[in-house]
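> Questions regarding the structure given below will be posed in turn.
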Amino acid sequence: MENTAQTAIEQVVKKQLDAYNAKDIDLFMTCWADDALYYEFPDTLLASGAAAIRERHLVRFGEPDLFGKLLTRTVLNNKVVDFELVSRTFPDGPGHVEALCIYEVAGDKISKAWFVMGTPVLDAAV
C-alpha cells in the first residue's frame, strides 16, 4: 500500500481515538460512515449505523474515568489494529480493561469495527 494512503487510513483512526478521549461526540462521529457497523468480535453486532454508534458513545462519554491509552497500532491495507488500555467507570467502580480494536476504513471513514475486550480490572481502593 502506498504510504500516503496508509497514513490517511491511520489518521482517521487516530482522530476518532483523540475525540473519544476528549469526549467530543461531534468530532468522534465525523470519523464514522453513516452505515458503519460496530461489533463485539467476531460477529455480535452492537450498533448498526452512525445514529446507533452515537447513542452508544453518548452514554460512554458520561463516564468520568473514560480514556483509551494506545499501546500499539498496526496498519495493513485498509485495516487498523489498535491495542489499548481503556480506563472506565464500571458498575463496581473505576478500573481498566485491555481492548483489541480492529477498524476497517473506506474512503476517509470507519466503515466497520470489531472489539475484543479483556477482563475488567478494578482499581485498588485507596
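Start counting the sequence shown at 1; every next residue gets the next number (the UniProt record's numbering).
Heads up, the beta-carbon is just placed ideally off N, CA and C, and yes, glycines get one too.
1) Just tell me which of THR72, LEU76, ASP108 has its CA closest to the CA of VAL86.
2) Can you tell which of ASP123, GLY118, ALA124 has its C-alpha closest to the C-alpha of ALA41?
3) Which residues does DSSP list as the beta-bridge partners of PHE67?
4) Quick one: grab the DSSP three-state call for PHE115.
5) Hey, would you say ASP92 sits closer than 7 Å to LEU122, going by beta carbons?
6) Would residue 174 and SER48 be called neighbours here (beta carbons separated by less than 7 Å)?
Taking the definition as stated:
1) Selected option, being the one with the closest Cα: THR72.
2) Residue identity check: residue 41 is Phe in the sequence provided, not Ala. Of the candidates ASP123, GLY118, ALA124, the one whose C-alpha sits nearest the C-alpha of PHE41 is GLY118.
3) According to DSSP, PHE67 bridges with SER87.
4) If DSSP states are grouped into helix, strand and coil, PHE115 belongs with the strands.
5) A Cβ-Cβ contact shorter than 7 Å links ASP92 with LEU122.
6) Outside the displayed range of the chain (1 to 126) lies residue 174, so it cannot be described from this structure.
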